[in-house]
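Asker: My structure is below; once you've seen it, I'll send some questions.
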């Protein structure tokens, strides 16, 4: 039997060395009966990538409903509470106008319709995320596949990540989220959060592990949201990027956002 | 020595009791916040840090200011500060205690606070801040207590405090530098993204801290037999003067950079703070109060004739302190969040519960300060005035 | 007598680190200068104490009875049934060591067996061996040992190196009082005639003649008359104090040391002058002419026998209440033992100051008032005309006697008096005064001449604190309210901090007291010129 | 006894405290909790495997170590993205409290709560994780 | 030497439990019989010891007075350190028992050049003592959850506060850490401080090693080795309801823990640990200093030989007359 107790005895840091030694000596006196190996692996169906990215093409969203569907898909899948007020608000994906999504890039002569047009915004899963850099507990971290992940078990609620994120992508549970959830209409396969932790879009890490696309992508009109590995030249994302001119939010900050926006809707011949 | 804090006049006990009541109220308010969540405060998704973190930031400065006594005394052998260096060290202990408490009450999940130690991320500034703050607390408590203990015993300061004292000098600078880095290293927060942030922090700290210390020294002289000495107080006044001017100078640099360059996001927060933005102007009166007080204090401090009059000096120090408290304990942190990275303006104002908790933390800090000062002053006074101590006879009346 | 150690020799000999050898294996060494002569047959016979014979502690043979071991063990068993303190203190010590450096003998000698805990262990080890099951079973491992002649000698040596000052008891988390253990130890030793002459002699004198010094009635009177002459020289006032006067209101009892030698006699003159000035209807007694009680350092029974005289004399003379002079262990006994032994004093009245009308409620049982309480009350009510400047040549510090501090708690009264009679008063470091005060080093009957090394070692801690204020504030006078202190500290001050005199509080009172009809004073009671009037004091 | 009154009061208090457990249980029916394994899914798996002990690890191990296993699981899934657990008998399970554990143990009240209540343990799992819907509504 | 013997004794006890349970399978003995016996010894022994002390009279009022006595009305009495009434004594005892008032006073005397004896406050023993006793108490209270079926809310509250910091699973108790640290400190100071080392007996080391063993086995059991805790409560509830059961497969570490506790309980009444009861009876602390106000009776007071005035006057009558001192018989 494989003995990999290091995993098991990683308790609390204190006394670890003494503890482990002692346990190796008297290891057989617990009532577990036998030493237990802990072995786990990635699910084979996990979607693999070096850096996940998404292309948002708002022109594919013809109606408000198209957008609402996406937001609902995400928020319902992840039991995101709906507080109905901006103070307690928690949101993973939402819309805002051009001026706010791309501040500083608006021009006074922008088309009125364009001014009012909603853009879907979410976590950018940056190449160099400021949020993970500042998190004092590694509660948020960048996975090898590029997802900026949240560990709700570890988050201490210091909200440094919120101050650091230049995109306002992070939400804090100012109150017990269950008070703002319809407890009869929960996604029973996904947890809620507890009060006092930060949350945000995780590119549906739990769905990726099942070989699925993120919930928003599935709910979006065809081509509205394109998801894939930006490192893979043959991925849908790369194809979409090759097709058209896209911009990112605040690239000048150097965080390397991985959400690309198709502005203007029409396909252009880039280059 | 701790027993010194357990004997005192009726006034002392009334004061301690008063503080305990405030701590009790603050605790009750905190329990309410703990059960409800931080939503009970005025903070929101856009302004995600508020009064607590602002107070923390301000108090780090107060703590760091002890170094303004330590440097002249230990590094330059400036004996005049020998009598009050302990007051500076204990003020630092109290201030850091409050810092830690403010961080604690600001946590969404305070029971996981040990995660910072158990799962440290060394490139997080907050990790370093927790290290330097607790280190600074330990240093000051250790040095202050050990030296005081030696004084009580009537023996020379233990030699091991010497290297620790030297260590405490860069350490003091580091606590405020690291705290400044909490802000100065964030992309997308133009208001904070400034190279002079740490310098500004230190300058304001070295004005506000010594100003408070000066006021405390005057207060201590009034209610106890311990006198810090005229010269020490004057020197402190000078330190406040220089630091205040440097501070305002650095603030001026920020203004220049923002407004001469005319980059919108660099100007936005300043506009919000001093003029209001998109019709939002909750902080404008406060910021102008701060500015006016800064001007008042500087125009008083700059004249040695005024400074030499202790009453006026005290007034100037009060002005300095309040000005900087508003600037750093409010404007600097809140201002950084307004407008939000998506250019929305969400205003912030602390709620009642938030203020009660803040009051509780301040009361706890002042309690720590009271106890430490009581011990220190009792020891010093007993050393200096062994003559007829007030006995039980007088106390009974 | 051994060559006395010089101060620096004592200092150099101090080493607080115990030897490598376990204490049970370290045989006792009876060192000259560290012990007092054995009790003489004569003294023990007068008191009717057992095994009276002349013996020398430094000789191998202590002339003990055959069955000495049984006597001790029976004595121990008896006392374990009589004193809860003894039984409890044998059982509950956890050896935390908090008491170790609280003992002046340990501080001054470094002898580990002078740590209170170890002093008690000397007896506990025997207690365990004979009175507890684990001790019987485990022997040495259980901290138990046989009682043999060496152990007995060790007991004698170390129980007469404890002044029963109770300082250790202040710091003990369970209040274990080594004095109680020493008292029991000395009782058991006394069953074998193992007393010291410096205790047995005075005790027997006190028994027969009424006071430790063996002053006979006429001598007492003539001694007092000498003082009266001196008083007249200084003040021009002639005093005629009453002796054994029936129908007096108050019986005054003070330690006989005050009648005999400087500087106690000055204190005594202070009493005389004060009482005269007040016109007090009081009396001295030649029969109850001793406040102190060396019986207390012998055995409970002896102490009770000596103490008997005070109430008996009060009854005989028909006084209303009793006033007690300045003394240490005298007050421990009067406060904690007298009423239990020889009370109830229902033939007396609750003490009431005839001058101020103050009723001393705190003495309504024993009917005995401390003179510091009495005088403080007078000053409080403005009944004394005082000129503190007459004491301006003195820079005073005050020494709390162990017994009045830790066995009574009379701390503020003398300080209040001192603050009103002199202008230069400095406290010693706070860890050496009040309940933390240090013994003079010669208490509990150890102020003999032959154990000078012991006394000076034991006096180091006290003297060191005096030296601190001497160097810092120029203190030149150590005030106290204890006759033993006045004798012992004089020696100790000369040894450790020359230049510091010793005085009773009431000597200073008398010097400051402006008496009706007195002539302008030129000298103090000691005949030294008074400080120049109106001149700058040496503050 | 001397000062007998006070001593006896003291001893009575001591005796009361020392024997508190014995008295406090008088009149309460104490029974060892038996977590129920009576759910359709467990039944099915038991039938499938032809044995009673079908959890991810043997019963004895789970009784003593389930909290540690869950702790490891959450780190594995969330932090390492390893969401497949290989049990000591080689079976594979998706690492998920809500979707794997509670899929079988859909009777939280008869399973988890019985022992937890007995031991007066209140794990904070359910602050976030949603308990399965059971008879008697939400937990 | 005595430290080594004590350590060896505790190791032997651990081995005994291991051999007894794992080797000989004597779970009934170690799980039921010994604990019951130990508790019985503890209770009976404790009571007997106190009664034994109680039967010894307190002939004299000998409080150690640590403050100003009750005196003239304008002098402020220290009513706690020098009590003259019951209330003061209660306050004094309360401070002593719950906050170790006397130890709080602790000083350290040092001989310095000069010569000068300098006194510094030394609160380490006080702090470690407080930490040790208080955490021990909290741990005991926490353990009530194993002995009471419907765990009282107060016990739950204590437990929740103790495990406030969410560290590990099961949650780490803060008191466990403090307790072990305090015991270690108390043990180490016995080796490190020369005077304390010199006075230490096996009876001092043994309980410390034993308690350390209990703490370590408990910590090992809860955090590292793991046992079926429901089974444990099954056993403990069986004990508490006089309906003993010995569940299978509890894990030897549990029996080690239980056995060491049993030993501690059984050892308690015969050891210095009785200071817990003894402190209440200490005459230097639990008496008021009112012996000048109220007469205290010594139950075994007996008449003694005295030298009466008559005898005295007979000895000195002539001398007294010559000196003009009045006499009874001319």
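Residue numbers (this note's numbering), protein chains in the order written: chain A, 1 to 271; chain B, 1 to 397; chain C, 1 to 539; chain D, 1 to 139; chain E, 1 to 330.
Every residue gets a Cβ at the ideal spot worked out from N, C-alpha and C, and that includes glycine.
Quantities reported herein were computed from a predicted structural model and do not represent experimental measurements.
1) Is the beta carbon of residue 150/A less than 8 Å from the beta carbon of residue 69/A?
2) Starting from residue 314/C, trace the alpha helix (DSSP H) in both directions and tell me its first and last residue.
3) So residue 262/E is in the alpha helix (DSSP H); what residue range does that whole segment cover?
4) Look up residue 480/C in the DSSP assignment and say whether it is helix, strand or coil.
5) Applying the criterion that 16 or more other CB atoms from any shown protein chain within 10 Å of the CB defines a buried residue, is residue 17/E buried or exposed?
6) In the segment 158-236 of chain E, which residue ranges form an unbroken alpha helix (DSSP H) of at least 4 residues, counting only runs that do not cross its ends?
7) Apart from the five residues just before and just after residue 263/C, which ones in its own chain have a Cβ nearer than 8 Å to its Cβ?
8) Given this structure, state the Cα-to-Cα distance separating residue 299/E from residue 57/E, to the nearest angstrom.
9) Along the segment 132-162 of chain A, where does the CB come closer than 7 Å to a CB of chain B? Name the residues.
10) Taking only the alpha-carbon atoms, compute the straight-line gap between residue 284/E and residue 257/C and give it to the nearest angstrom.
11) Can residue 137/A and residue 83/D be called in contact, C-beta distance under 8 Å?
12) Kindly list, in the order they appear in chain C, the residues whose Cβ is closer than 9 Å to that of residue 382/B.
13) Given that a residue counts as buried once 16 or more other Cβ atoms are within 10 Å of its Cβ, and exposed if not, what is residue 29/A?
14) Checking contacts by CB at 8 Å: is residue 100/D closer than that to chain E?
15) Give a yes or no on whether the minimum CB-CB distance between residue 181/A and chain B is below 8 Å.
16) What do you get for residue 13/B, buried or exposed, if any count of 16 or more other CB atoms within 10 angstroms of its CB means buried?
17) Mind checking who residue 22/B pairs with in its DSSP beta bridge?
18) Could you check whether the segment 181-197 of chain C touches the segment 291-305 of chain E, counting it as contact only if at least three pairs of C-beta atoms, one from each stretch, sit closer than 8 Å?
19) Can a CB atom of chain B be found closer than 8 Å to the CB of residue 191/A?
20) Consult DSSP for residue 393/B and reduce its assignment to one of helix, strand or coil.
21) Identify the contact partners of residue 123/E in chain B, using a Cβ-Cβ distance below 7 Å as the criterion.
22) Please go through the segment 47-93 of chain A and give each complete alpha helix (DSSP H) segment of 4 or more residues, from N-terminal end onward.
23) Give the range of the beta strand (DSSP E) segment to which residue 109/E is assigned.
24) Name the one or two DSSP bridge partners that residue 171/A has.
25) Alpha helix (DSSP H) containing residue 125/C: first to last residue?
26) Do you know offhand how far residue 406/C's Cα is from residue 248/C's?
27) Once the 5 residues before and after residue 121/B are set aside, which same chain residues still bring their CB inside 6 Å of it?
28) Go to residue 34/D, then tell me how far its alpha helix (DSSP H) extends in each direction, as first and last residue.
29) Assign residue 445/C to one of three DSSP states: helix, strand, or coil.
30) Whose Cβ in chain B lies nearer than 9 Å to the Cβ of residue 120/E?
31) So, for residue 241/A: in the same chain, excluding its five sequence neighbours on each side, which residues have a beta-carbon less than 7 Å away from its beta-carbon?
32) So residue 229/A is in the beta strand (DSSP E); what residue range does that whole segment cover?
33) Compare the C-beta of residue 171/A with all C-beta atoms of chain D and state if any pair is closer than 8 Å.
34) Touch check for the segment 54-69 of chain E and the segment 253-261 of chain E: three-plus C-beta pairs under 8 Å?
35) Contact between the segment 348-365 of chain B and the segment 23-41 of chain B is defined here as three or more beta-carbon pairs at a separation below 8 Å; is this criterion met?
36) Within 10 angstroms of its Cβ, does residue 470/C collect 16 or more other Cβ (buried), or is it exposed?
Answerer: In this structure, then:
1) By 1-based counting over the first chain, the position of residue 150/A is 150. By 1-based counting over the first chain, the position of residue 69/A is 69. Their beta carbons are not under 8 Å apart, which means residue 150/A does not touch residue 69/A by this criterion.
2) Walking along the third chain from the start, residue 314/C turns up at place 314. Note, residue 314/C: alpha helix (DSSP H), 300-317.
3) Locating residue 262/E in the fifth chain gives position 262, where the first residue counts as 1. Run containing residue 262/E: 252-267, per the alpha helix (DSSP H) assignment.
4) Position 480 of the third chain holds residue 480/C. Three-state result, residue 480/C: strand.
5) Here residue 17/E refers to the residue found at position 17 when the fifth chain is read from its first residue. Buried, because 16 or more other Cβ atoms sit within 10 Å of the Cβ of residue 17/E.
6) For the alpha helix (DSSP H) assignment, the uninterrupted runs of no fewer than 4 residues enclosed by the segment 158-236 of chain E are, from N- to C-terminal side, 174-192, 194-199, 202-219.
7) Within the third chain, numbered from 1, the residue matching residue 263/C stands at position 263. The beta carbon of residue 263/C lies closer than 8 Å to those of 486, 490, 501, 502, 503, 504, 507, 526 in the same chain, with the five residues before and after it left out.
8) Against the fifth chain, residue 299/E aligns to sequence position 299. Against the fifth chain, residue 57/E aligns to sequence position 57. Between the alpha carbons of residue 299/E and residue 57/E lies a gap of roughly 7 Å.
9) Flagged, chain order: 133, 134, 135, 136, 137, 138, 154, 155, 156, 157, 158, 159, 160, 162.
10) Along the fifth chain, read from residue 1 onward, the residue named residue 284/E stands at position 284. Along the third chain, read from residue 1 onward, the residue named residue 257/C stands at position 257. Distance between the alpha carbons of residue 284/E and residue 257/C is about 30 Å.
11) Residue mapping note: residue 137/A aligns to position 137 of the first chain, counting from 1. Residue mapping note: residue 83/D aligns to position 83 of the fourth chain, counting from 1. With respect to residue 83/D, residue 137/A sits apart: the two C-beta atoms are not nearer than 8 Å.
12) Within the second chain, the letter at position 382 stands for residue 382/B. Under the 9 Å cutoff, chain C gives 427, 429, 430.
13) Here the question's residue 29/A lines up with position 29 in the first chain. Model confidence at residue 29/A stands at a pLDDT of 44, short of 50, so the residue's coordinates are unreliable; what they give is reported in the following sentence. Its Cβ being crowded by 16 or more others within 10 Å, residue 29/A is buried.
14) In the fourth chain, residue 100/D corresponds to position 100, counting from 1. Output row for residue 100/D: interface = no.
15) Indexing the first chain from 1 puts residue 181/A at position 181. Look at residue 181/A: its C-beta is not under 8 Å from any C-beta on chain B.
16) Taking the second chain and counting its residues from 1, one reaches residue 13/B at position 13. So residue 13/B ends up on the exposed side.
17) Walking along the second chain from the start, residue 22/B turns up at place 22. Beta bridge pairing from DSSP links residue 22/B with no other residue.
18) No, the segment 181-197 of chain C is not in contact with the segment 291-305 of chain E.
19) In the first chain, residue 191/A corresponds to position 191, counting from 1. Taking 8 Å as the CB threshold, residue 191/A stays off the interface with chain B.
20) If you number the second chain from 1, residue 393/B lands on position 393. Any reading at residue 393/B is ruled out, since the residue's pLDDT is 40, under 50, leaving its predicted position unreliable.
21) Position 123 of the fifth chain, counted from the start, is the residue given in the question as residue 123/E. Near residue 123/E (Cβ distances below 7 Å), the residues of chain B are 2.
22) List check, alpha helix (DSSP H) in window: 64-77.
23) In the fifth chain, counting from the first residue as 1, residue 109/E sits at position 109. If you look at residue 109/E, you'll find it in the beta strand (DSSP E) that goes 107-112.
24) Residue 171/A sits at position 171 when you count from the first residue of the first chain. Looking at the DSSP output, residue 171/A bridges to 199/A.
25) One-based indexing of the third chain puts residue 125/C at position 125. In this chain, the alpha helix (DSSP H) harbouring residue 125/C covers 116-131.
26) Looking up residue 406/C in the third chain gives position 406. Looking up residue 248/C in the third chain gives position 248. So the two alpha carbons sit approximately 32 Å from each other.
27) Within the second chain, the letter at position 121 stands for residue 121/B. Closer than 6 Å at the Cβ level, and outside the excluded window around residue 121/B, lie 127.
28) To locate residue 34/D, count along the fourth chain from 1; it is residue 34. Premise fails: residue 34/D is in no alpha helix (DSSP H) and is neither H nor E.
29) Within the third chain, residue 445/C is the residue found at index 445, counting from 1. Coil, per DSSP.
30) As a first step, residue 120/E is located in the fifth chain; it is residue number 120 there, counting from the start. Under the 9 Å cutoff, chain B gives 1, 149, 150, 152, 153, 155.
31) Looking up residue 241/A in the first chain gives position 241. Result list for residue 241/A: 55, 260, in chain order.
32) Working through the first chain from its first residue, we reach residue 229/A at position 229. Residues 225-229.
33) Along the first chain, read from residue 1 onward, the residue named residue 171/A stands at position 171. Chain D, which has no Cβ nearer than 8 Å to the Cβ of residue 171/A, makes this no.
34) A contact between stretches requires three or more CB pairs, one per stretch, nearer than 8 Å, and the segment 54-69 of chain E fails this requirement with the segment 253-261 of chain E.
35) Touching, yes, given that three or more Cβ pairs across the two stretches are closer than 8 Å.
36) Counted from its first residue, the third chain places residue 470/C at position 470. Answer is buried; the Cβ neighbour count reaches 16.
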